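Take a look at the structure set out below.
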Amino acid sequence: MRLALVGYGRMGRAVEAVALQRGHDVVARVERGDELAAGLRDAEVAVDFTVPDAVLDTVRGAAAAGVPLVVGTTGWYDRTEDVRRIVEASGTGLLWAPNFSMGVQLFFRLAREAGRLVDALEEYDVSLHEAHHRHKLDHPSGTGRRLADLLVEALARKERWEEGPFEGAPDPAVLEVTSSRAGEVPGTHVVALDGPDDRVELRHEARGRDGFARGAVLAAEWLRGRTGFHDIDDMLAERFDAGR
Numbered sequence: 000m001r002l003a004l005v006g007y008g009r010m011g012r013a014v015e016a017v018a019l020q021r022g023h024d025v026v027a028r029v030e031r032g033d034e035l036a037a038g039l040r041d042a043e044v045a046v047d048f049t050v051p052d053a054v055l056d057t058v059r060g061a062a063a064a065g066v067p068l069v070v071g072t073t074g075w076y077d078r079t080e081d082v083r084r085i086v087e088a089s090g091t092g093l094l095w096a097p098n099f100s101m102g103v104q105l106f107f108r109l110a111r112e113a114g115r116l117v118d119a120l121e122e123y124d125v126s127l128h129e130a131h132h133r134h135k136l137d138h139p140s141g142t143g144r145r146l147a148d149l150l151v152e153a154l155a156r157k158e159r160w161e162e163g164p165f166e167g168a169p170d171p172a173v174l175e176v177t178s179s180r181a182g183e184v185p186g187t188h189v190v191a192l193d194g195p196d197d198r199v200e201l202r203h204e205a206r207g208r209d210g211f212a213r214g215a216v217l218a219a220e221w222l223r224g225r226t227g228f229h230d231i232d233d234m235l236a237e238r239f240d241a242g243r
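When we follow numbering that gives the first Met the number 0, the leftmost residue of the sequence shown carries the number 0, and every step to the right adds one.
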């Protein structure tokens, strides 16, 4: 597969390393700007890890080049419908995810089931904390937002989630979400089920960027030759749900 990288920071370099290990060719390393569409033309799929404000321009550039795009950048989700319209009008393909780690995708499913089960145990409350390196711009993280949405869907007693800091007694209808940014933490997410006698934690801790990069390359392999607007669940349906 001929792959283009949009953004060549730490994640872009990690994606390149995994792609080369899997036998793919990296034919372009481009940044956002007027040259984007031209830089993508030799690629079969492009992978974007840039910044939230750049995503819309990247989507337009990939659409103009006729190249499917995997979007690993987070923090742009208020423009989801704009992105969908561009992709569908151009007849190209796009796959996005807040987190491409296969372990995180498993974690999402475990957290949703834990929320469903604990909803019957009113003495247990649920909270979420996420921690990342000090360079990460958005908070909560895209992964944290997705986890919070899943938990609110699973918990009938939670009407919404809110980001801290918090003061005073918690609102029983609110899922409390907290974030921290320090050092070089690749990413840690903790769902806590807290009761009067004990505490249960579901925890995902990334050991580095390779897991995110591997998932992004797997997504590019899946997206090649496909059109339409996809999220990672479309890809994972073949993996997690095929045997049911």
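We put the CB at the ideal spot given by N, CA and C, even for glycine.
The structure displayed is predicted, hence computed values, not measured ones.
Rounded C-alpha distance that separates residue i from residue j
i: residue 154; j: residue 115; result: 6 Å
i: residue 93; j: residue 42; result: 14 Å
i: residue 110; j: residue 224; result: 33 Å
i: residue 197; j: residue 126; result: 14 Å
i: residue 46; j: residue 165; result: 37 Å
i: residue 88; j: residue 3; result: 22 Å
i: residue 122; j: residue 201; result: 18 Å
i: residue 141; j: residue 195; result: 31 Å
Secondary structure of residue i, DSSP reduced to three states
i: residue 213; result: helix
i: residue 77; result: helix
i: residue 27; result: strand
i: residue 175; result: strand
i: residue 2; result: strand
i: residue 187; result: strand
i: residue 227; result: strand
i: residue 158; result: coil
i: residue 89; result: helix
i: residue 143; result: helix
i: residue 170; result: coil
i: residue 165; result: coil
i: residue 137; result: coil
Other residues of its chain near residue i: CB distance less than 6 Å, five sequence neighbours each side excluded
i: residue 212; result: 13, 14 and 17
i: residue 160; result: 147, 151, 174 and 176
i: residue 128; result: 177 and 189
i: residue 134; result: none
i: residue 8; result: none
Counterpart residues of residue i in DSSP-defined beta bridges
i: residue 180; result: 131
i: residue 70; result: 47 and 95
i: residue 193; result: 124 and 198
Cut-off 8 Å between Cβ atoms - residues of its own chain near residue i, not counting five sequence neighbours on either side
i: residue 184; result: 130, 131 and 132
i: residue 172; result: 156, 157, 158 and 159
Host alpha helix (DSSP H) of residue i (start-end)
i: residue 208; result: Segment: none, residue 208 is in no alpha helix (DSSP H) and carries neither H nor E.
i: residue 119; result: Careful: residue 119 lies outside any alpha helix (DSSP H) and carries neither H nor E.
i: residue 39; result: 35–39
i: residue 19; result: 9–20
i: residue 60; result: 54–64
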